[in-house]
Each structure stands twice: as structure tokens, then as C-alpha cells.
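Trainee: Under my numbering, the first residue of the sequence shown carries the number 1, and numbering increases by one thereafter. Starting off with a structure, shown below.
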Amino acid sequence: MTDSAAPGTRRPAPTVGLSPIPGKDRAAREIVASLRGDIAAGRLPRGARLPGERDLARHFGVSQPTVREAVRALDLMGLVDVRHGSGVYVTADVGAFLDTSLRTLMQVERVGIVEVLDLRTLLGGYSARRAAEHATEEEIARMTALLDRSDAPPHGATVREIATAPAAFQIAVSAAAHDPLLLAIESVLVKVTVQLQLTAFDGRGRDFWLERVSAFRTDRRRLLAFVTAHDGEGATTAMQLYLRTQFAQFTADPALAALGVADPLAVASRLDVDLPPLGGPPRPAAG
């Protein structure tokens, strides 16, 4: 698909912050590639407002509907946020894009909770080691606060809030590893695991979930202690023990073990989990 500017239209100078594209005919996918490259290179940083639809159309030498199509694609990728009446802003939320892509892959391949937990255990040990080596005092304080909330949910907390509190702690550990790709993948795996549980145990009340979450309290506290002590080997062992115990509990339950990610109820909604920003602060030196 191609789209050209109107005959006789003079192409203006490139808009500041955007890479120029040679040639007259460019499809929406090429505009997506160009803007995605500008976002990745930092020429369009997070929080930046894109030029208006008309200006983008002039810059790329295409019609406004083509620009609109490209912006919709970037929005679905999680790279921009379309705010009606305000404009289009760069979010660079690659986690949302990866979340959708991984969930689609797991659905197509009919992945079950056993496969999800296997990969989670493998990655979890590595991220725990890195967290112990790289976690800042601020990140440790955040992990501690999330763990306290998990161990003692506030009065009136809903089932969903109780179930997702440990997930927030686990993702905070991954964030402290200072590896954006690892964090993005683990975040999806953790949220899928919780969503599968919520689906399998739909209708269970607060008491059930309080008991289920408290079963791993000792494992989480042990993990936090090793991370706080910056003991990478101890943190690796603690995380693997935690996840293996979780694996044994999950697979022992027929209703949960039989549930796969392809089940439409398991992916019907996204979890609203209190997560650290994707990527976190710059990596400190190991030591």
C-alpha cells in the first residue's frame, strides 16, 4: 500500500525530532518503522508529544488517514498514548507490547501452567541473583513494603488485591535486577500465573486467598533477607525453593493443573498489579 502527497504539494523541511524519509511513497508500516526507530533512539523521548496529524502527514508526504493508521498501530504496541483532545504522547511502554505478544504466543501454542512455571523458575533464580547484586536501598525498601502488604493485606482488601500482592513483590525483585528484557518477560509470566489461579478458583472468598497467600510467607521473607544482604547465591536458592514449592502446590491441584493459557477465561482481563516502572534506574556497578 502506498500513499502520496497531493500533486504539486511541496514537501516541507523535516519536523524537529523526526528522521527524514527519502522518496514520496510510503505506507503506514514504513511510518510506524520510522517513528518506532525515533522512539528507540531517544529522538522522541518518553513524554514527548508527537506533531499533529496534519504536520506528520506533511513530513512523511502522505495523507492524514495513513498517519492515523500508523498512530493506531503504535498505540497498540504500547509506544504512544492517544489522548483525545490533547494529542499523541510517547510512552515507550514496551512491556505492554511484549505482554500482548507473549500472551498471543502462549495461546496459539496452547501453553499450560506447568510450562509457565518451568520458565518462571528458570528465570526467577537468575533475576534473584541479579537483584541481590544490584538492588538499591530504595528498591529494597519498596520490596519490603510490598511484602508487608502481601503478608498483612489492608482491611477490606478484595480477593483480587490479596491475590496480586505477592505478584507485585515478585516483579519488584525482577525490577531490581536492572534488566529490562528480563523484567518484561517475568512480569508477563507472573501475571499469567496469578490470572490462571483467579480463573481456577473463581468464587473462592477472602479466607481461601488469605490462607493461600500466607502459605508462601516464609519463602518470600527468606528471599528478601538474602537480597537485602546482597547474597546472590542465597537469593538464587531462596527464589528457586519458593517457586518449586509453588510449582508443587499448583500441579497438585487438578483444576489448576489442567488450565491452560489458551482458556479464554484465563486471559479475559489484565491484572492491575502495582509494578515498578519498566527498566528501572540505570544499572549500578556489581560488587
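Note that CB positions come from ideal geometry on N, CA and C, so glycine has one too.
At 4 residues or longer, what runs of the alpha helix (DSSP H) sit wholly inside the stretch 208 to 242?
Mentor: 217 to 228
Trainee: Assign HIS134 to one of two classes, buried (16 or more other C-beta atoms within 10 Å of its C-beta) or exposed (fewer than that).
Mentor: The count along the sequence shown starts at 1 and reaches residue 134 at position 134. It counts as buried.
Trainee: Buried or exposed, going by whether 16 or more other CB atoms sit within 10 Å of the CB of HIS84?
Mentor: Working through the sequence shown from its first residue, we reach residue 84 at position 84. Classification for HIS84: exposed.
Trainee: Could you check how far apart the C-beta atoms of ARG49 and LEU79 are, in whole angstroms? I think they sit under 8 Å.
Mentor: For the purposes of this step, residue 49 is taken as residue 49 along the sequence shown, with counting starting at 1. For the purposes of this step, residue 79 is taken as residue 79 along the sequence shown, with counting starting at 1. That pair is no contact at about 14 Å.
Trainee: Which ranges would you report for the beta strand (DSSP E) in the stretch 73 to 145 if only whole runs of at least 3 residues count?
Mentor: 80 to 83, 87 to 90
Trainee: Alpha carbon to alpha carbon, what distance is there between ALA96 and GLN64?
Mentor: The residue labelled residue 64 in the question sits at position 64 within the sequence shown. The residue labelled residue 96 in the question sits at position 96 within the sequence shown. If I take the Cα positions, the gap works out to 26 Å.
Trainee: Look at ALA131 and ALA177 and say whether their C-beta atoms are less than 8 Å apart.
Mentor: As a first step, residue 131 must be located in the sequence shown, where it is residue number 131. As a first step, residue 177 must be located in the sequence shown, where it is residue number 177. Yes.
Trainee: Could you tell me if ASP99 is buried or exposed, where buried requires 16 or more neighbouring beta carbons within 10 angstroms of its beta carbon?
Mentor: Residue numbering aside, residue 99 sits at position 99 when the sequence shown is read from its first letter. ASP99 should be labelled buried.
Trainee: One question on the structure: do LEU198 and ARG149 come within less than 8 Å of each other, judged by their Cβ atoms?
Mentor: Taking the first residue of the sequence shown as position 1, residue 198 is located at position 198. Taking the first residue of the sequence shown as position 1, residue 149 is located at position 149. Not closer than 8 Å, so no.
Trainee: Taking the beta carbon of PRO166 as the centre, do at least 16 other beta carbons fall within 10 Å, making it buried, or is it exposed?
Mentor: Taking the sequence shown and counting its residues from 1, one reaches residue 166 at position 166. Buried.
Trainee: Alpha carbon to alpha carbon, what distance is there between TRP209 and GLY23?
Mentor: Working through the sequence shown from its first residue, we reach residue 23 at position 23. Working through the sequence shown from its first residue, we reach residue 209 at position 209. Here the model assigns GLY23 a pLDDT of 41, short of 50, so the residue's position is not dependable, and the following value carries that caveat. Answer to the nearest angstrom: the Cα atoms are 60 Å apart.
Trainee: Take LEU182 as the anchor and find which of ARG129, GLU53, ALA57, ARG68 has the nearest alpha-carbon.
Mentor: In the sequence shown, the residue the question calls residue 182 occupies position 182. In this structure, ARG129 is the residue among ARG129, GLU53, ALA57, ARG68 with its C-alpha nearest to the C-alpha of LEU182.
Trainee: Any idea what DSSP makes of ARG49, helix, strand or coil?
Mentor: In the sequence shown, counting from the first residue as 1, residue 49 sits at position 49. Of the three classes helix, strand and coil, the one that applies to ARG49 here is strand, per DSSP.
Trainee: Tell me, please, whether the stretch 244 to 260 touches the stretch 106 to 126 by the rule of three or more beta-carbon pairs shorter than 8 Å.
Mentor: Judged by Cβ distances under 8 Å, the stretch 244 to 260 makes contact with the stretch 106 to 126, as three or more pairs qualify.
Trainee: Relative to the C-alpha of PRO153, which residue among GLU139, ALA175, GLU211, GLY125 is closest?
Mentor: The residue given as residue 153 occupies position 153 in the sequence shown. Answer by Cα proximity: GLU211.
Trainee: What does a CB cutoff of less than 7 Å around VAL32 pick up in its chain, not counting 5 residues either side in sequence?
Mentor: One-based indexing of the sequence shown puts residue 32 at position 32. Sequence-distant partners of VAL32 (beyond 5 residues in either direction) whose C-beta falls short of 7 Å from its own C-beta, in its chain, are ALA70, ALA73, LEU74.
Trainee: What is the rounded straight-line gap between the Cα of ASP25 and the Cα of GLY61?
Mentor: On the sequence shown, position 25 is the one that residue 25 refers to. On the sequence shown, position 61 is the one that residue 61 refers to. Residue placement at ASP25 is flagged as unreliable, the pLDDT there being 42, under the threshold of 50; a coordinate-derived value is accordingly withheld.
Trainee: If you compare alpha carbons, which of VAL188, ILE162, THR158, HIS155 is closest to ILE171?
Mentor: Taking the sequence shown and counting its residues from 1, one reaches residue 171 at position 171. Comparing Cα positions, the closest option is VAL188.
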